[in-house]
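Asks: One structure coming up, written as structure tokens, with questions to follow.
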Amino acid sequence: MEVAVMGMLVLIITFVFTSNMVDNKYNMASAATPVTFVFGDSLTEVGNNNYLQYSLAKSNYPWYGVDYAGSQATGRFTNGRTIGDIISAKLGISSPPPYLSLSPNDDAILKGVNYASGGAGILNETGLYFIQRLSFNDQIENFRKTREAIKSKVGVEAATKLCNEAFYFIGIGSNDYVNNFLQPFLADGQQYTHEEFVALLTSTLDKQLSRLYQLDARKIVLHGLGPLGCIPSQRVKSKTGQCLKRVNEWVLEFNSKVKKLITSLNTRLPNAALMFSDTYPAVFDLISNPTMYGFKISNTSCCNVDTSIGGLCLPNSKLCRNRKDYVFWDAFHPSDAANAVLAEKLFASLFSDNHGPSIAPQPSHD
Ligand SMILES: *[C@@H]1O[C@H](CO)[C@@H](O)[C@H](O)[C@H]1NC(C)=O
Ligand SMILES: *[C@@H]1O[C@H](CO)[C@@H](O)[C@H](O)[C@H]1NC(C)=O
Numbered sequence: 358m359e360v361a362v363m364g365m366l367v368l369i370i371t372f373v374f375t376s377n378m379v380d381n382k383y384n385m386a387s388a389a390t391p392v393t394f395v396f397g398d399s400l401t402e403v404g405n406n407n408y409l410q411y412s413l414a415k416s417n418y419p420w421y422g423v424d425y426a427g428s429q430a431t432g433r434f435t436n437g438r439t440i441g442d443i444i445s446a447k448l449g450i451s452s453p454p455p456y457l458s459l460s461p462n463d464d465a466i467l468k469g470v471n472y473a474s475g476g477a478g479i480l481n482e483t484g485l486y487f488i489q490r491l492s493f494n495d496q497i498e499n500f501r502k503t504r505e506a507i508k509s510k511v512g513v514e515a516a517t518k519l520c521n522e523a524f525y526f527i528g529i530g531s532n533d534y535v536n537n538f539l540q541p542f543l544a545d546g547q548q549y550t551h552e553e554f555v556a557l558l559t560s561t562l563d564k565q566l567s568r569l570y571q572l573d574a575r576k577i578v579l580h581g582l583g584p585l586g587c588i589p590s591q592r593v594k595s596k597t598g599q600c601l602k603r604v605n606e607w608v609l610e611f612n613s614k615v616k617k618l619i620t621s622l623n624t625r626l627p628n629a630a631l632m633f634s635d636t637y638p639a640v641f642d643l644i645s646n647p648t649m650y651g652f653k654i655s656n657t658s659c660c661n662v663d664t665s666i667g668g669l670c671l672p673n674s675k676l677c678r679n680r681k682d683y684v685f686w687d688a689f690h691p692s693d694a695a696n697a698v699l700a701e702k703l704f705a706s707l708f709s710d711n712h713g714p715s716i717a718p719q720p721s722h723d
């Protein structure tokens, strides 16, 4: 009897899960004007850290934004658009504004918010030498506040619907390596083996994603990490300028554990439609075969950064002649041109534009 009930539950969960997606992609036909909430680090930040007076993780000065609209440095850690900006444009929406740029009751929150903060990690202590940044826990707490504000604007029922139908893009974890585990002078790299560290990261992520689910998030896209061993700030540690193989192996282990976590969350949490977006292969291919994508150089950055003092593109740095030739803008972040290539691939992997056989909308509940 109990077994039969369990079996039915599994069936129901499987049905609801697949009805949110088409062939494991989100069905865009059912989301006319999608609302997106973005969480993450400097790869997705659009200017929150500008509002943190003492933060050292800032990019609101030249030459950041030199290829952005109006050649403005906005707090994006690249010369132009982030991958998120490009995906938003493809979804036909404007890129959600930084959380800290909005007043708590701004109507704009109904269209989506970006909580990302340069230097942030899964762990609270990650990036501590940046003095100020919004950790993933801080970002989730800020989303909770947004949700309360949405409730008072449109009522509980409409707020729940909005949050259930929104997309949640999360790109976090790079700093837990680059600005934590891989820094010899910080405790975590000494205290934990990689096996222990990756277990700590995934158990923390489990709690964080479950918390977002409690806050009504359902369509959650978690981006895996790219080949961090190949970013310029890591390559300089190799005598021959090669990718650091051990770092890439750690990243692959992290990605594979997180992928399993996503599968587990989808079975544990009714109506959850989480997706793991494995960005590693696309980024690795771009770095390994730059010329196939129209680039010339992928082993160093366009901005002639000083990696001994961090690797951001400071105002006195010299830029390369043709920014479109370079995969990397500074020692950590891809160029606008590289983001365009990666966003194209990511979009195709996440969203089905095959409007084919229409799938019944998810039966409304509670
Ligand atoms: C991390 O910070 C949050 C507050 O943002 C706190 O609730 C939590 O206990 C902290 N986690 C650890 C492991 O210290
Ligand atoms: C990048 O690769 C090119 C071509 O293989 C090589 O000549 C150059 O020294 C490399 N640069 C760095 C910084 O490793």
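Using the numbering used here, the first residue of the sequence shown is number 358, and each one after it goes up by one.
Note that beta-carbon positions come from the ideal geometry of N, C-alpha and C, so glycine has one too.
In this text, all values refer to a predicted model and were calculated from it rather than measured experimentally.
Closest by CA to residue 466, which one among 695, 394, 617, 555?
Replies: With distances taken between Cα atoms, residue 466 lies closest to 394.
Asks: On a Cα-Cα basis, can you pick out the residue from 415, 548, 585 that is closest to residue 603?
Replies: 585
Asks: In three-state DSSP terms, what is residue 650?
Replies: helix
Asks: Under three-state DSSP, which class holds residue 579?
Replies: strand
Asks: What residue does the beta strand (DSSP E) around residue 593 start on, and which one ends it?
Replies: From DSSP, residue 593 is part of no beta strand (DSSP E); its letter is neither H nor E.
Asks: Going by DSSP in three states, residue 509 sits in which element: helix, strand or coil?
Replies: Looking at residue 509 - three-state DSSP - the assignment turns out to be helix.
Asks: Do we get a CB-CB distance below 8 Å when we pair residue 421 with the residues of chain B?
Replies: Among the protein chains of the structure shown there is no chain B, as only one such chain exists.
Asks: Cβ of residue 437 within 8 Å of Cβ of residue 402?
Replies: Their beta carbons are not under 8 Å apart, which means residue 437 does not touch residue 402 by this criterion.
Asks: For residue 644 and residue 684, which I take to be in contact (beta-carbon distance under 8 Å), what is that distance rounded to the nearest angstrom?
Replies: 6 Å
Asks: Can you round the beta-carbon distance between residue 506 and residue 405 to whole angstroms, since I take them to be within the 8 Å contact cut?
Replies: Going by Cβ atoms, the distance from residue 506 to residue 405 rounds to 17 Å, so no, they are not a contact pair.
Asks: Measure the alpha-carbon distance for residue 701 versus residue 686 and round it to whole angstroms.
Replies: 19 Å
Asks: From the DSSP output, which residues share a beta bridge with residue 691?
Replies: 685
Asks: Does any heavy atom of ligand 2 sit closer than 7 Å to the C-beta of residue 598?
Replies: True, at least one ligand heavy atom lies under 7 Å from that Cβ.
Asks: Note down the Cα distance separating residue 496 from residue 627, rounded to an integer number of angstroms.
Replies: 24 Å
Asks: Could you tell me if residue 649 is buried or exposed, where buried requires 16 or more neighbouring beta carbons within 10 angstroms of its beta carbon?
Replies: exposed
Asks: Is it right to say residue 625 is buried, meaning 16 or more other beta carbons lie within 10 angstroms of its own, or is it exposed?
Replies: exposed
Asks: Locate the beta strand (DSSP E) running through residue 525, then write down its first and last residues.
Replies: Start and end: 524 to 528.
Asks: Tell me, to the nearest whole angstrom, how far the beta carbon of residue 415 is from that of residue 707; I am working on the premise that it is less than 8 Å.
Replies: Not quite, the Cβ-Cβ distance comes to about 30 Å (not below 8 Å), so this is no contact.
Asks: Just the C-alpha distance for residue 655 and residue 516, rounded to the nearest angstrom, thanks.
Replies: Each residue's Cα considered, the two are about 45 Å apart.
Asks: Does the stretch 539 to 558 touch the stretch 487 to 504, meaning 3 or more C-beta pairs lie closer than 8 Å?
Replies: no
Asks: According to DSSP, is residue 708 part of a helix, a strand, or is it coil?
Replies: strand
Asks: Ligand 1 heavy atoms versus the CB of residue 499: any closer than 7 Å?
Replies: no
Asks: The beta strand (DSSP E) that contains residue 437, what's its start and end?
Replies: Looking at the DSSP string, residue 437 is not in any beta strand (DSSP E), and its letter there is neither H nor E.
Asks: Using a Cβ-based criterion (distance less than 7 Å to any ligand heavy atom), does residue 316 qualify as near ligand 1?
Replies: Any answer about residue 316 is impossible in this case: the structure gives the chain only from 358 up to 723.
Asks: Measuring CB to CB, does residue 397 end up less than 8 Å from residue 588?
Replies: no
Asks: Which two residues bound the contiguous alpha helix (DSSP H) that contains residue 616?
Replies: 602 to 625 is the extent of the alpha helix (DSSP H) around residue 616.
Asks: Say whether the stretch 662 to 670 touches the stretch 599 to 616, bearing in mind that this needs 3 or more beta-carbon pairs closer than 8 Å, one atom from each stretch.
Replies: no
Asks: Under 8 Å Cβ to Cβ from residue 540, same chain only, skipping five residues before and after it: list those, please.
Replies: 546
Asks: Going by the DSSP bridge assignment, what does residue 633 pair with across the sheet?
Replies: 579
Asks: When every heavy atom of ligand 1 is checked, does at least one fall within less than 7 Å of the C-beta of residue 495?
Replies: yes
Asks: Is it buried or exposed for residue 672, if we count other Cβ within 10 angstroms and need 16 for buried?
Replies: exposed
Asks: Going by Cα to Cα distance, which pick from 518, 698, 448, 530 is closest to residue 652?
Replies: Of 518, 698, 448, 530, the smallest CA-CA separation from residue 652 is found for 698.
Asks: Run through the stretch 650 to 679 for me and flag every whole alpha helix (DSSP H) of 4 or more residues, listed as ranges in chain order.
Replies: Look at the stretch 650 to 679 and you find no whole run of alpha helix (DSSP H) that is 4 residues long or longer.
Asks: May I ask you to verify whether the stretch 629 to 639 touches the stretch 546 to 565, counting CB pairs closer than 8 Å and requiring at least 3?
Replies: no
Asks: Going straight from the alpha carbon of residue 555 to that of residue 538, what length do you get?
Replies: 10 Å
Asks: Residues in its own chain within less than 6 Å of residue 455 by CB, not counting five upstream and five downstream?
Replies: 403, 404, 405, 471
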